[in-house]
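*Asks:*
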Amino acid sequence: MPIVFTHEFNTPVYKGKVSFNTGLFINGQFVDGLDGTTIDVVNPTDSKVIPSVSEGTQKDVDLAVDAAEKAFETTWGLNCPGSKRGRLLSKLASLMEEHTDELAALETLDNGKTFNTARSWDVPAAITCVRYFAGWADKISGRVIETTEERFTYTRHEPIGVVGQIIPWNFPLLMFIWKIAPALATGNTVVLKPSEFTPLTAIRMCHLAQEAGFPPGILNVVTGYGNTVGSAISSHMRIHKVAFTGSTLVGRKIMEAAANSNLKNVTLELGGKSPNIIFNDADLEQAVRWAMLGSCIAGSRIFVQEGICDEFLKRFTEKSRSIKVGDPFAPDTFQGPQISKIQYDRIMGYIDSGKKEGAKIHLGGERHGSEGYFIQPTIFLDTNPDMRIVKEEIFGPVSVVIKFSDEEDIVRQANDTVYGLAAAVFTKDVNRAITTAHKLKAGSVWVNCYGLADPNTPFGGFKQSGIGREMGEYALNNYTEVKSVNVNLGLKM
Amino acid sequence: MPAVFTHEFNTPVYKGKVSFNTGLFINGQFVDGSDGTTIDVVNPTNGAVVTSVSEGTPRDVDLAVDAAEKAFETTWGLNCPGSKRGLLLNKLAAIVEEHTEELAALEALDNGKAFNMARTGDLALSIECIRYYAGWADKITGRVLETGEDKFNYTRHEPIGVVGQIIPWNFPLLMFVWKIAPALATGNTIVIKPSEFTPLTAIRMCHLVQEAGFPAGVLNVVTGYGNTVGHAISSHMRIHKVAFTGSTLVGRKVMEAAAKSNLKNITLELGGKSPNIIFNDADLEQAVNWAAFGIYFNHGQCCCAGSRIFVQEEIYDEFLKRFTEKSRSIKIGDPFASDTSQGPQVSQIQYDRIMGYIESGKNQGAKVHVGGERHGSEGYFIQPTIFLDSSPDMRIVQEEIFGPVSVVIKFKDEEDVVRQANDTMYGLAAAVFTRDVSRAITTAHKLKAGTLWVNCYNQLNSNVPFGGFKQSGIGRELGEYALSNYTEVKAVHVNLGKKR
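Below is the structure:
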């Protein structure tokens with residue numbers, strides 16, 4: 000029998016009890032993995048094991064695909080009207096809303112982000128996204144195309160069938176929703192692998208999906224490792240689409256596996272090294288504040304025009320220094336721990352390489368505290384473009400600040416990366432704002448802000464930051480297969 | 000200096016002279032390949048070498064990408080208004096139209112399809128396709144998205160940059176146009192590899208593109224082999240999109256190369272084993288005619304060929320009788336004869352492969368009802384061939400033959416025939432013949448294929464999307480749908496007052 004995770008939260012920001020089965024969710028049931036093994040889920044605040052959850056393997060993926068196929072042929076797909084699919088998604092959103100605090104607490108527990116952020120940002124954003132795609136469910140339309148009056152030609156935008164989805168640990172709940180919402184709205188059934196580091200909210204969502212009334216087999220969640228479950232999904236012969244969010248390195252493996260198995264469609268959301276360009280005429284105080292945000296879209300290369308560079312650096316340093324790093328369940332914490340030992344080591348490795356390659360640590364650069372995976376907010380100066388800390392994605396609270404003078408050249412510098420996920424521009428000048436935004440090779444460009452996402456606005460990468468777009472109407476293409484139908488009304492052969 | 004191909008056509012259907020430089024087309028110039036080597040172009044009607052054209056190498060692909068990048072940054076991309084891109088495409092269409100017969104003759108020469116077919120089919124469709132996308136060029140639109148009045152969100156559908164394209168030999172000119180038209184309309188620059196078997200119309204098109212006034216570097220054509228030029232394109236670090244039409248086998252290699260290099264976007268149009276289902280109440284005469292068209296069109300060298308013909312039992316005997324008669328009556332011969340319907344297969348390799356499948360059909364116990372042999376003694380001609388008494392696991396039933404060979408399968412059960420029809424790793428096309436409106440539409444909706452024909456076959460239009468389910472491909476060409484293949488979506492969020 001799978002383990003039931005029971006936990007009493009007694010913190011300044013949240014008090015409450017959770018208790019739920021942490022098995023794999025296959026065909027509407029919570030089950031052990033076929034190998035009977037488990038995965039330890041670690042609290043990054045103190046490195047302790049919270050619960051263990053069931054571990055899935057390739058065989059469990061096969062069972063999940065069986066269940067998903069059956070559901071697609073019977074209770075889901077085009078057998079279930081879009082309006083009904085939409086209602087179930089709306090119900091799910093309502094249940095999530097009722098359980099906001101609990102979901103936020105679980106997210107905080109295994110991810111380490113602050114409870115306040117999870118509750119005020121992650122969970123509401125996830126709910127909004129579910130509602131957004133709930134609304135699309137009965138609005139999937141093909142086209143009627145004029146050819147000649149002897150022929151009736153139209154397209155259908157059909158669900159693909161069983162889709163595979165693999166999500167990362169940085170926004171566990173939000174990434175879960177970004178994946179399942181458009182897929183379910185368009186009528187597909189899902190086999191999803193959450194990150195082995197952060198499975199708690201994904202598993203809790205299975206209970207909520209059950210409660211909402213989704214028939215068995217529509218959503219299947221198989222917790223496991225990338226090289227077992229992830230690989231099984233991306234190379235499965237009966238999964239005709241895989242969507243992956245994670246590192247560029249693993250993204251390649253996914254696409255390769257897709258090519259070598261059954262040429263399944265892929266969408267990939269990968270890494271970034273996003274430039275944040277701050278011109279002389281920016282609203283300086285606002286620029287400093289917006290520069291503080293981070294994650295896959297992190298503005299980790301901060302280009303500041305020379306006229307304001309000193310003042311920017313002074314204020315940015317002050318703000319970074321004043322960040323409260325600590326327990327995610329403390330009310331005034333701004334920054335919690337990094338997700339895992341692996342990530343901690345990787346980030347510290349980059350900081351080390353920055354020192355070795357000759358960059359100057361202006362702030363931070365060390366571990367914070369002595370327990371858990373906390374790292375000080377870190378600012379590097381005096382870098383050059385070939386340093387690893389300038390080229391590679393660090394995925395931690397580390398930025399490089401680069402002074403610039405030439406407006407023409409700054410766009411070239413900003414675009415000089417294999418990545419193209421996001422970028423930002425701070426300036427009051429309308430022409431410069433829009434023109435620069437248009438020249439930057441990135442899938443999302445923010446002007447005088449950073450990191451704002453909306454469910455109706457597409458998100459995805461240029462170049463090696465990805466293939467395809469999530470969110471918005473654009474996401475529907477990821478989960479539909481176009482069929483052209485030509486009905487002959489009288490043409491003789 | 001690259002060779003100039005000069006040829007005098009003196010045939011019943013076409014008399015005329017051609018003379019054009021057959022170098023690689025890079026940065027607006029016709030040049031030798033970097034290695035100075037050439038590729039022989041063979042006439043499949045008699046196996047004779049028609050001419051030699053310059054051979055490109057990975058180094059030439061680099062040069063082409065340089066030129067394409069430069070053009071994208073200066074004279075093309077968003078530096079050239081959509082209306083102007085459309086104007087150039089329309090000019091090109093007009094010039095192609097003026098040269099219809101010449102292009103049809105070149106197509107028939109290295110591909111082997113009948114001149115008349117090339118002239119009335121391939122050329123007409125190609126010209127229509129160019130004009131169709133010319134019209135889209137100034138209608139590429141992003142969206143404005145409502146979020147809050149303190150934020151202005153919009154998307155741009157930007158050209159990707161340099162795109163790589165690799166096309167097959169079965170419809171050389173049409174495949175060339177299906178690729179370049181949407182790519183150019185949306186503002187991309189191109190490095191395209193035609194098939195080494197059928198480069199003539201692609202090379203001639205470069206001259207016409209030059210004549211139309213496209214700036215240097217916008218279109219680059221590098222003739223060469225798949226494992227050199229094709230591979231260089233799909234693994235190029237500065238090409239951010241590759242579009243491939245060809246076999247499923249090579250499609251995998253293209254996707255793998257894309258993954259391993261720079262994760263470039265891919266679209267793939269691959270193989271098929273398309274079912275043609277003929278119910279008892281079909282208009283029998285029409286069903287026979289369309290079924291023949293479905294498999295024999297282009298000598299069976301059609302990715303969407305209706306190669307598995309399912310006939311309901313009540314009309315099976317009569318269908319078979321008439322279909323056999325029709326198959327026997329097909330005029331096979333010189334593409335330049337006025338009454339030829341079926342010319343040779345494109346190459347010795349293809350001829351051998353198809354004959355190999357026919358052999359395997361015999362070996363595995365299927366019955367050759369018609370044909371099954373070479374036609375004549377010169378060139379790569381194969382008789383229209385019908386197999387009966389096959390079983391689902393035979394190679395001739397499962398694998399794509401790409402020749403004038405069909406299996407005819409009797410069926411009884413309506414439910415089950417859909418299952419049988421869908422029992423393939425492919426999913427490119429399918430057809431249904433019946434007069435019953437509910438059955439027609441319901442069956443069409445249940446078949447897992449990208450293109451469905453009801454009471455017809457092989458009807459394609461530039462504005463209707465084409466592409467495969469399952470292992471028949473990824474993505475859709477033609478129609479508005481193709482624009483997504485050649486644009487990169489950028490979301491812009493302009494803060495109008497939100498404070499942090």
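Line order of the protein sequences matches chains D and R. Residue 288 in numbering that gives the first Met the number 0 is what sits at position 289 of the first sequence, and the numbering runs on without skipping anything. Residue 446 in numbering that gives the first Met the number 0 is what sits at position 447 of the second sequence, and the numbering runs on without skipping anything. Built from N, CA and C at the ideal position, the CB exists for glycine as well.
For valine 217 of chain R and threonine 185 of chain R, what's the separation of their Cα atoms in angstroms?
*Replies:* Cα to Cα, valine 217 of chain R sits roughly 12 Å from threonine 185 of chain R.
*Asks:* Measure the alpha-carbon distance for proline 171 of chain D versus lysine 263 of chain R and round it to whole angstroms.
*Replies:* Cα to Cα, the separation comes out at about 27 Å.
*Asks:* Ignore the nearest five residues each way along the sequence and tell me which others in glycine 293 of chain R's own chain have a CB closer than 7 Å to its CB.
*Replies:* Closer than 7 Å at the Cβ level, and outside the excluded window around glycine 293 of chain R, lie Asn275, Ala304, Gly305, Ala430, Tyr456, Asn457.
*Asks:* Listed in chain order, which residues of the stretch 486-497 of chain R have Cβ atoms closer than 8 Å to some Cβ of chain D?
*Replies:* The stretch 486-497 of chain R vs chain D, Cβ under 8 Å: Glu487, Val488, Lys489, Ala490, Val491, His492, Val493, Asn494, Lys497.
*Asks:* Whose CA, out of R:Pro167, R:Thr323, R:Met254, lies closest to the CA of glycine 371 of chain R?
*Replies:* When only C-alpha atoms are compared, the closest one is R:Thr323.
*Asks:* For the stretch 468-487 of chain D, enumerate the residues whose C-beta is nearer than 9 Å to any C-beta of chain R, in chain order.
*Replies:* Listed by position, the residues of the stretch 468-487 of chain D near chain R (Cβ gap below 9 Å) are Arg468, Met470, Gly471, Glu472, Tyr473, Asn476, Glu480, Val481, Lys482, Ser483, Val484, Asn485, Val486, Asn487.
*Asks:* Can you find at least 3 beta carbon pairs, one from the stretch 301-309 of chain D and one from the stretch 401-411 of chain D, that sit closer than 8 Å?
*Replies:* The stretch 301-309 of chain D vs the stretch 401-411 of chain D: in contact.
*Asks:* Assign histidine 239 of chain R to one of three DSSP states: helix, strand, or coil.
*Replies:* Three-state DSSP puts histidine 239 of chain R in coil, outside helix and strand.
*Asks:* So the beta strand (DSSP E) isoleucine 139 of chain D belongs to, where does it begin and stop?
*Replies:* Unbroken run through isoleucine 139 of chain D: none, as it is neither H nor E.
*Asks:* Taking the continuous alpha helix (DSSP H) assigned at tyrosine 315 of chain R, which residues delimit it?
*Replies:* Residues 312-327.
*Asks:* Nearest-angstrom Cα distance between valine 220 of chain D and glycine 186 of chain D?
*Replies:* Cα to Cα, valine 220 of chain D sits roughly 17 Å from glycine 186 of chain D.
*Asks:* Do leucine 451 of chain D and serine 273 of chain D count as a contact pair if the criterion is CB distance below 8 Å?
*Replies:* In this structure, leucine 451 of chain D does not lie closer than 8 Å to serine 273 of chain D by Cβ.
*Asks:* Would glycine 245 of chain D count as contacting chain R if we go by Cβ distances under 8 Å?
*Replies:* Chain R, which has no Cβ nearer than 8 Å to the Cβ of glycine 245 of chain D, makes this no.
*Asks:* Using beta carbons (cut-off 8 Å, strictly below), is aspartate 137 of chain D in contact with chain R?
*Replies:* No, its Cβ sits nowhere closer than 8 Å to a Cβ of chain R.
*Asks:* 8 Å is my cut-off, CB to CB: does tryptophan 289 of chain D come that close to chain R?
*Replies:* Yes, because at least one Cβ of chain R sits closer than 8 Å to the Cβ of tryptophan 289 of chain D.
*Asks:* If the cut is a Cβ gap below 8 Å, which residues of chain D does alanine 448 of chain R touch?
*Replies:* Within 8 Å Cβ-Cβ: Lys482.
*Asks:* I'd like to know if tryptophan 168 of chain D contacts chain R, where contact means its C-beta is closer than 8 Å to some C-beta of that chain.
*Replies:* No, tryptophan 168 of chain D does not count as interfacial toward chain R.
*Asks:* Give me, in chain order, the residues of the same chain whose beta-carbon lies closer than 7 Å to that of threonine 244 of chain D; leave out the 5 immediate sequence neighbours on both sides.
*Replies:* Taken in chain order, the residues that qualify are Ile166, Pro167, Met174, Glu268.
*Asks:* List the residues of chain D that methionine 254 of chain R touches, going by C-beta distances under 9 Å, in chain order.
*Replies:* Near methionine 254 of chain R (Cβ distances below 9 Å), the residues of chain D are Met254, Glu255, Ala257, Ala258, Asn259, Leu262, Val265.
*Asks:* Mind checking whether valine 494 of chain D and valine 40 of chain D have CB atoms under 8 Å apart?
*Replies:* Nothing about residue 494 of chain D can be read from this structure; chain D reaches only from 0 to 492.
*Asks:* Does any C-beta atom of chain R lie closer than 8 Å to the C-beta of phenylalanine 461 of chain D?
*Replies:* Cβ-Cβ to chain R under 8 Å: yes for phenylalanine 461 of chain D.
*Asks:* Confirm, please, whether the CB-CB distance from threonine 99 of chain D to valine 122 of chain D is below 8 Å.
*Replies:* Contact: yes.
*Asks:* Return the first residue and the last residue of the beta strand (DSSP E) that alanine 70 of chain R is part of.
*Replies:* Element bounds for alanine 70 of chain R: not the beta strand (DSSP E) but the alpha helix (DSSP H), 57-73.
*Asks:* I'd like to confirm the pairing. Which residues does DSSP put opposite lysine 409 of chain R in its beta bridges?
*Replies:* Its beta-bridge partners are R:Val310.
*Asks:* Which runs of the beta strand (DSSP E) fall wholly inside the stretch 45-76 of chain D and span at least 3 residues, in chain order?
*Replies:* Entirely contained in the stretch 45-76 of chain D, the beta strand (DSSP E) runs reaching 3 residues are, in chain order, 47-53.
*Asks:* If you measure from the beta carbon of cysteine 128 of chain D to each beta carbon in chain R, is any gap under 8 Å?
*Replies:* With 8 Å as the cut-off, cysteine 128 of chain D does not count as an interface residue toward chain R.
*Asks:* Under the assumption that glycine 15 of chain R contacts glutamate 100 of chain R (Cβ atoms under 8 Å), give the Cβ distance between them as a whole number of angstroms.
*Replies:* Glycine 15 of chain R to glutamate 100 of chain R, Cβ: 6 Å. Contact.
*Asks:* Since histidine 437 of chain D meets chain R, which of its residues come closer than 9 Å, beta carbon to beta carbon?
*Replies:* Neighbours of histidine 437 of chain D on chain R, chain order: Leu77, Arg155, Glu157, Lys489, Val491.
*Asks:* Indicate whether at least one CB of chain D lies closer than 8 Å to the CB of phenylalanine 318 of chain R.
*Replies:* Not closer than 8 Å to any Cβ of chain D, the Cβ of phenylalanine 318 of chain R fails to qualify, so no.
*Asks:* In or out: valine 48 of chain D buried (at least 16 other Cβ within 10 Å) or exposed?
*Replies:* Exposed, by the Cβ-count rule.
*Asks:* Can you pull the DSSP bridge partners for valine 397 of chain D?
*Replies:* According to DSSP, which records beta bridges pairwise, valine 397 of chain D is partnered with D:Thr377.
*Asks:* What residues of chain B sit near glutamine 285 of chain R, judged by a beta carbon separation below 8 Å?
*Replies:* The question asks about chain B, but that chain is absent: this structure's protein chains are D and R.
*Asks:* How is tryptophan 445 of chain D classed by DSSP in three states: helix, strand or coil?
*Replies:* Three-state result, tryptophan 445 of chain D: strand.
*Asks:* Tell me, please, which residues DSSP counts as bridged to asparagine 42 of chain R.
*Replies:* BP columns for asparagine 42 of chain R point to R:Ala47.
*Asks:* Are leucine 207 of chain R and isoleucine 94 of chain R touching if we call contact CB-CB under 8 Å?
*Replies:* Going by C-beta atoms, leucine 207 of chain R is nearer than 8 Å to isoleucine 94 of chain R.
*Asks:* Would DSSP call asparagine 226 of chain D helix, strand or coil?
*Replies:* Helix at asparagine 226 of chain D.
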